[in-house]
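Taken in sequence, the protein lines are chains Z and P.
Residue 319 in the working numbering is what sits at position 334 of the first sequence, and the numbering runs on without skipping anything.
Residue 505 in the working numbering is what sits at position 74 of the second sequence, and the numbering runs on without skipping anything.
For each residue, glycine too, the CB sits at the ideal point set by N, CA and C.
These notes concern the structure reproduced below.
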Amino acid sequence: MADIETKESAYVVDKLIAEDIDSYLDQHEHKTMLRFITCGSVDDGKSTLIGRLLYDSKMIFEDQLDALASDSKKVGTQGQEIDFALLVDGLAAEREQGITIDVAYRFFNTEKRKFIVADCPGHEQYTRNMVTGASTSDLAVILIDARKGVLVQTRRHSYICKLLGVKNIVLAVNKMDLVDYSQEVFDKILADYRAFAESIGIANFTAMPISGYKGDNITTLSENTPWYTAPEYAGVPLIEHLETVEVLTSDDADKPFRMPVQWVNRPNLDFRGFSGQIATGVVKPKDKIRVLPSGKTSTVSKIVTFDGELEEAGAGQSVTICFEDEIDCSRGSVISIADAPPQTADQFESTFVWMADEAMVPGRAYWMKIGTQMVSASVAEPKYEINVNTMEELAAKTLELNSIGVAEMTTDKQIVFEPYTENRQLGGFILIDKMTNATVAAGMINFSLRRSQNVHWQAVDISRTQHAALKNQKPAVLWFTGLSGSGKSTIANMVEKKLHRMNRHTFLLDGDNVRHGLNKDLGFTESDRIENIRRVGEVSKLMTDAGLIVITAFISPFQADRELVRAMLPEGEFLEVFIDTPLKVAEARDVKGLYKKARAGELKNFTGIDSPYEAPRNPEIRVDTTKLSPEEAADLIVDTLLGDV
Amino acid sequence: MKKLTHLERLEAESIQIIREVAAEADKPVMLYSVGKDSAVMLHLARKAFYPSPPPFPLLHVDTTWKFKAMYDLRDKMAEMSGMELLVYNNPEAKEKGINPFDHGSLHTDMWKTEGLKQALDKYGFDAAFGGARRDEEKSRAKERIFSFRTSSHGWDPKNQRPELWNLYNAKKARGESIRVFPISNWTELDVWQYIRLENIPIVPLYFAEKRPTFEWEGGLFMADDPERLEKVLGYMPEITEKSIRFRTLGCFPLTGAVESEASTLTEVIQETLLTTTSERQGRVIDKDAGGAGMEVKKQQGYF
């Protein structure tokens, strides 16, 4: 972070603006746009480079310079000199700490392009921010301090760019002024980087020797690096490269047509259109299209916009498409060219970047947003975690904040997708925690698992309705949840006896009993407990298919897991029964002596002691055991269940 | 296929954002301040849902101290877009006669910050569009497009959700809300160019004209309502006719005018490009609390 050496040329406005504003504006209306990220370590001079780009393209105003001068004296790291890092470091808290802690977006224009810069911090703990910045970038500028060469951070930044599919890479060897503009130093760094880049599959990159501080090779070729014009080098200043580089994501237009539907446009009975932003390809009226996941086909009748109907629309455009036939299509559907549709599946291998303080919980159900589809998804224990510094694959039980790993995942229904390397929009997704609503991970689908394509539902002739009709009852799951010793098993037993006497066909699944058989391979870690609940949920579901009333008695401490089971069953068949006994009371009873053991440290992960219990927020039935006897509780539950039948 | 220009890419992105909110929020609203950024945002909303009108109302959190020309355009645009217009005045500020002369920053707190919170709570809106841009001010550069607010409308800059690709997480608990900034990635020049390209109506105050002005605390202001001015100032300021225009529009006593001869859109753009001070300088609000003015305001719930 250094001040910028200012030249007298810094604030010269474009002559055309003063002389012929109309031509200037016409020219600027036809500019293209490039989004790029800058990545570098703390002292690589990243903020200075961005300050330089803004300054040289006249994006810094006099009043901002004045404010900067006074800020620099107060909190700057450059003594009495102007500290340009302050210009690009935003929030007050960060300014005081002297670090950049988030992604900030900067804007500047040249005659040919508009630029959006994602300014990403280089600190180890902020992988998440770089991934965020890279996800929308067409190009990455990777900064290297010429004195230090290729560092661990350089590898990490390059790997993340590769992972996120950023295809244009600029290797900016900065601070060349501090190594006397040495060609030898530059060549050494170039060779080191090339060897590394090839090892991770980066085939092309453009290297340039620069100084953000002095302005060498930023807007014009520097006299200090005459050797840079030799044919083996790019031989262009940074700005010129950014202005002219072909944006590779624009090849999205050459791929088959796909558009995720955002919104059904239905102003009146005569108009029904589907609004969305075209992900890839081109669409024209009369094109045969297919709607996924239903697979129904039709023909495009018109492409509607505020500015009139279009003869053609392509990748990146937001449009509204109408069909010739009334076929089923809604938010979450993907409209595709009829003869080359994307795949659908419900099991995948994906690469995850974990973004939350709370680590991944294998087996837990998260919301998954992919395109405009929102589904429930659970992630298996990672196959491996990737050490982003060495690219090694490490064994992992979970993924922590800022870690990257590969795992299999399952969605609760078929989704329309393409591998991320083929299509960013249909292969990139986020995971959302169902309790906190936080975005906890970014993911990229690598491929679907063969088994999900080969396992099909077998149609059976006797339906669940017929099973239930024969038993003359409505199937249901009474899902008891509560602390150990709250009285779940006692009350559940009474409920089953009462129902049995009323000629109801029931089955009681008890926690301890299931663990002796079906789930005897599972322990008591968080992920095993989730798997325990998932299996019990699946068994319960099979039993309701058979027409039974299922009663389960498990602690099931996590709301997300109970919601997972609820989601497996038809609406209204899952009744959450909260056996509400305060910890104090349950611990005082301690029928099995478990609390005592847990307090003594002999039992780990014991709910209520060193593992949390998330009480149901809206249970169908709540039993306050400090007010009701087990007998009264059982009556309440049976009455509620049968009142519902 | 021809390549999209930067304005076409920005437009498509903003439309995608606006549609996501309409699809995922329970009760969205568009905040409409009648300024040029609001004008662009409203235009984009009309484009996003055409031929339907935008499926949410417009909300103007009014301070009663706006320029007359702003109220005129507001009513005209609401009618043109076929959207319901809701106008909210904080009753407490009204009762206490809060004004920009006597009450300084309390004026903004009461009418705008408090007024906005009250209006959102009153109607139960869970998502509100705003026309803020990241290039306006430093703390905005890091703001998300979907900015999550607690049930008391607070903004915690350390606890914002990461935004990847064009995937926005609009999930929230009851009582919580989001602010959405669909033109985050537009610069001032983009906004002007788009207004020119699309012929979007804006308040005539952006164009220079001879107007009655007075000087107050070192700034140049327009005497939009002299009688009301005299009442709150306690004296009739000296009013002189000058050719002025406004670079931003807020409450008339808080928004400084600049002397200018730029009377057409093109001249205004030209002057903007040639100017050497940043856009918000004419507004008093950013100077409160040193450089962190806007950030503090935002944590309190200002847009």
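Q. By DSSP, does Z:S32 sit in helix, in strand, or in coil?
A. helix
Q: Would you please verify whether the beta carbon of Z:I6 is less than 8 Å from any beta carbon of chain P?
A: yes
Q: With DSSP as the reference, label Z:F432 as helix, strand or coil.
A: strand
Q: Determine the direct distance from the alpha carbon of Z:L148 to that of Z:V391, and round the result to whole angstroms.
A: 12 Å
**Q.** Own chain, CB closer than 7 Å to Z:A545, minus 5 neighbours either side, in chain order
**A.** Closer than 7 Å at the Cβ level, and outside the excluded window around Z:A545, lie R349, A350, K419, M420.
**Q.** beta strand (DSSP E) segment containing Z:C24, residue limits
**A.** 17 to 24
Q: To the nearest angstrom, report how far apart P:V758 and P:K573 are at their CA atoms.
A: Residue 758 of chain P falls outside the range modelled here, since chain P spans only 432 to 734, and no answer is possible.
Q. Does P:K458 come within less than 8 Å of chain Z when only Cβ atoms are used?
A. no
Q. Who are the neighbours of P:W596 on chain Z, taking C-beta pairs under 9 Å?
A. S120, T121, R409, Q410, G413, F414, I415, A427
Q: Determine the chain Z residues that contact P:S674 at a beta-carbon separation under 9 Å, and present them in chain order.
A: Here the premise fails: no neighbours, minimum Cβ distance about 19 Å.
Q: Can you tell me which of Z:R489, Z:L10, Z:E14, Z:E4 puts its alpha carbon nearest to the alpha carbon of P:L435?
A: Z:E14
Q: Taking only beta carbons into account, state which residues of the segment 242 to 270 of chain Z come closer than 7 Å to chain P, listed in chain order.
A: Q247, W248, N250, P252, F256, S260, Q262, V267
Q) Using the C-alpha atoms, what's the distance from Z:D28 back to Z:G83? A) For Z:G83, the predicted model reports a pLDDT of 46, less than 50, meaning its position is unreliable and no value from the coordinates is stated.
Q) Looking at chain P, which residues of the segment 456 to 468 of chain Z have a Cβ within less than 9 Å of any of its Cβ atoms? A) If the cut-off is 9 Å between Cβ atoms, the segment 456 to 468 of chain Z has nothing near chain P.
Q. Any C-beta of chain P sitting closer than 8 Å to the C-beta of Z:R141?
A. no
Q) At least one CB of chain Z closer than 8 Å to the CB of P:K467: is that the case? A) Chain Z places no beta carbon closer than 8 Å to that of P:K467, leaving this residue out of the contacts.
**Q.** Sheet register partners of Z:W464 (DSSP bridge)
**A.** Z:T537, Z:E561
Q) Is the CB of Z:R37 under 8 Å away from at least one CB in chain P? A) False, the Cβ-Cβ gap to chain P never drops below 8 Å.
Q | Contact set between Z:K147 and chain P, taken where Cβ atoms lie within less than 9 Å | A | The premise fails here: Z:K147 is roughly 16 Å from chain P at the closest Cβ pair, so nothing lies under 9 Å.
Q: Anything in chain Z within Cβ reach of P:I700, meaning under 8 Å, just list it in chain order.
A: When 8 Å is used as the limit between beta carbons, P:I700 is near these residues of chain Z: I6, L10, in chain order.
Q: Could you pull out every unbroken beta strand (DSSP E) segment of at least 3 residues lying fully inside the segment 254 to 325 of chain Z, listed in chain order?
A: 256 to 262, 273 to 277, 281 to 289, 303 to 308, 319 to 322
Q: Could you run through the segment 533 to 558 of chain P and flag, in chain order, every residue whose CB is less than 8 Å away from some CB of chain Z?
A: none
Q) Taking Z:A477 as the reference, which of Z:E561, Z:Q168, Z:Y166, Z:H142 has the closest Cα? A) Among Z:E561, Z:Q168, Z:Y166, Z:H142, the Cα nearest to that of Z:A477 is on Z:E561.
(Q) With a threshold of 8 Å between beta carbons, is Z:E14 in contact with chain P? (A) yes
Q: Report the rounded CA-to-CA distance for P:L761 versus P:G681, giving the unit in angstroms.
A: As shown, chain P starts at 432 and ends at 734. That puts residue 761 of chain P outside it, with no answer to give.
**Q.** Beta-carbon spacing of Z:I654, Z:T491 below 8 Å
**A.** Here chain Z has residues from -14 to 630 only, and residue 654 of chain Z is not among them.
**Q.** Sequence-distant residues of its chain with Cβ nearer than 7 Å to P:S445 (five each side left out)
**A.** L475, P613, I614
Q.
In whole angstroms, give me the CA-to-CA distance for Z:Y9 and P:T697.
A. 10 Å
Q) Could you give the distance in angstroms between the alpha-carbon of Z:T214 and the alpha-carbon of Z:E208? A) Straight across, the Cα-Cα distance linking Z:T214 with Z:E208 is about 10 Å.
Q | Buried or exposed by the 16-neighbour rule on C-beta atoms within 10 Å, applied to Z:M244 | A | buried
Q: Verify the CB distance criterion: does Z:A3 have a CB-CB separation below 8 Å to chain A?
A: Here chain A cannot be found, since the structure's protein chains are Z and P.
Q. Who pairs with P:K458 in a beta bridge, going by DSSP?
A. For P:K458, which the question treats as bridged, DSSP gives no partner whatsoever.
**Q.** Continuous beta strand (DSSP E) stretch holding Z:E213: start and end
**A.** Looking at the sequence shown, residue 213 of chain Z is not Glu but Tyr. Z:Y213 -> no beta strand (DSSP E), and no H or E assigned at all.
Q. Z:T424 touches chain P at which residues, Cβ-Cβ below 7 Å?
A. R592, P593, N600
Q. For P:F577 versus P:M461, is the C-beta spacing smaller than 8 Å?
A. no
Q. Do P:K586 and P:R592 have their C-beta atoms within less than 8 Å of each other?
A. For clarity, residue 586 of chain P is Trp in the given sequence; the question names Lys instead. Cβ atoms of P:W586 and P:R592: not closer than 8 Å.
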